[in-house]
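Here's the structure we're looking at; comments come further down.
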Amino acid sequence: GKYRVISTKPMPGTRWIRLLTDQDCRVEICTLKNTILSVEDILALIGDRCDGVIGQLTEDWGEVLFSALSRAGGRAFSNMAVGYNNVDVEAANKYGVAVGNTPGVLTETTAELAASLSLAAARRIVEADEFMRAGLYDGWLPNLFVGNLLKGQTVGVIGAGRIGSAYARMMVEGFKMNLIYYDLYQATRLEKFVTAYGQFLKANGEQPVTWKRASSMDEVLQEADVISLHPILDKTTYHLINKERLSNMKKEAILINCSRGPVVDEVALVEHLKVNPMFRVGLDVFEDEPHMKPGLADMKNAVVVPHIASASKWTREGMATLAALNVLGKIKGYPVWSNPNNVEPFLNENSPPPA
Ligand code: GLV
Ligand code: GLV
Numbered sequence: 014g015k016y017r018v019i020s021t022k023p024m025p026g027t028r029w030i031r032l033l034t035d036q037d038c039r040v041e042i043c044t045l046k047n048t049i050l051s052v053e054d055i056l057a058l059i060g061d062r063c064d065g066v067i068g069q070l071t072e073d074w075g076e077v078l079f080s081a082l083s084r085a086g087g088r089a090f091s092n093m094a095v096g097y098n099n100v101d102v103e104a105a106n107k108y109g110v111a112v113g114n115t116p117g118v119l120t121e122t123t124a125e126l127a128a129s130l131s132l133a134a135a136r137r138i139v140e141a142d143e144f145m146r147a148g149l150y151d152g153w154l155p156n157l158f159v160g161n162l163l164k165g166q167t168v169g170v171i172g173a174g175r176i177g178s179a180y181a182r183m184m185v186e187g188f189k190m191n192l193i194y195y196d197l198y199q200a201t202r203l204e205k206f207v208t209a210y211g212q213f214l215k216a217n218g219e220q221p222v223t224w225k226r227a228s229s230m231d232e233v234l235q236e237a238d239v240i241s242l243h244p245i246l247d248k249t250t251y252h253l254i255n256k257e258r259l260s261n262m263k264k265e266a267i268l269i270n271c272s273r274g275p276v277v278d279e280v281a282l283v284e285h286l287k288v289n290p291m292f293r294v295g296l297d298v299f300e301d302e303p304h305m306k307p308g309l310a311d312m313k314n315a316v317v318v319p320h321i322a323s324a325s326k327w328t329r330e331g332m333a334t335l336a337a338l339n340v341l342g343k344i345k346g347y348p349v350w351s352n353p354n355n356v357e358p359f360l361n362e363n364s365p366p367p368a
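Below is the structure:
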């Protein structure tokens, strides 16, 4: 291969490798056993000649790595994730490195996990599973693991972008929930969907669903029964959910986070879960991954999973493919990638229109 492309982790499938090797690239996949690579590990991988890197959200891509990549002749970095809070895009710009992410292919998968956590929390699935396995079930009882009925309740979405909108649609259509959302932008397609579905239900003699665009986030927190967080993580969304905001929610509300851990003040959340046993939470992400804040693991009213929202075979292979296409597109100077939502794969420069 004419170009040296590094992947800091093995990724699912082989399509992404073939795409690169078919186009003059030599692909090197890091085999270090530590799950989280340090900046030093990655510097050693880059070495003195590297054209592009596919990296992971656990890595700190800042000044040090981008200057090294640039010195090694690299011009492209693709984060195998839609979120890019681990990437200093300004530093990348400074060193002439284009940054890509992988939107689109993970929208539905991530929304499905948020829906799964919503149901798991509402119906206490994990607690009930533990109860069964512990051999504690000794007969049906009217009061055994009573949870919340979602139908007719209100789902609140904070951040109605691709993932937030897909989740909202699932909850509205699947469970006939009303929608309230907060976003800086109007989610026109989502509003139209809920309106049309409401009309359909009404025509069938059922209670129609409704939607509302909230004028503040607190309006969502006060009115919703299930609240799901879908913002990006930046300075403005750090600890968006804090002690005060938690206290604004209904005592029996369910909070779901499949975005980024630091969007929630996790210490305040643990405290809130302790004093409000009917409040439930479903978490895919944590403030200091891979750790949980003290006490969280003991809370029966919390469902916790290890950052697996995009973990379906189709999606992970798609993310790997898109990440490879991002790097390849930059190296070869054309956009061979395909992107279902027609979103710019490079965050910091305009790519030419798809061929
Ligand atoms: C996963 O967390 C992603 O941002 O893709
Ligand atoms: C419960 O199992 C019922 O039949 O109501």
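Per UniProt numbering: the sequence shown = residues 14 to 368.
Glycine is no exception: its CB is placed at the ideal position from the N, C-alpha and C atoms.
In this text the structure is predicted, and so the values were computed from the model without any measurement.
Item, Value
"For E219 and F144, the rounded distance between their alpha carbons", "36 angstroms"
"Through-space distance from E121 to A337, alpha-carbon basis", "21 angstroms"
"Any non-hydrogen atom of ligand 1 closer than 7 angstroms to V317 Cβ", "no"
"Whole-angstrom distance between V95 and T249, CA atom to CA atom", "18 angstroms"
"Residues of its chain near S325, where Cβ-Cβ distance is below 6 angstroms and the 5 sequence neighbours each way are ignored", "T122"
"I30 versus V170: straight-line alpha-carbon distance, rounded", "37 angstroms"
"Own chain, CB closer than 8 angstroms to A173, minus 5 neighbours either side, in chain order", "A181, Y194, Y195, D196, Y198, A200, L203, H243"
"Beta bridge counterpart(s) of W29 as assigned by DSSP", "None, per the DSSP bridge assignment."
"Among G26, V66, F158, the one whose alpha carbon lies nearest that of C43", "V66"
"Backbone secondary structure at R293 - three-state DSSP", "strand"
"Three-state secondary structure (DSSP) of Y194", "strand"
"Neighbour-count burial assignment, G165, 16 or more Cβ in a 10 Å radius", "exposed"
"Burial state of P303 (16 or more Cβ within 10 Å)", "exposed"
"Coil, strand or helix - K215 by DSSP", "helix"
"For E140 and L149, the rounded distance between their alpha carbons", "11 angstroms"
"T167 - DSSP class collapsed to helix/strand/coil", "strand"
"With 16 other Cβ atoms within 10 Å as the buried cut-off, status of L33", "buried"
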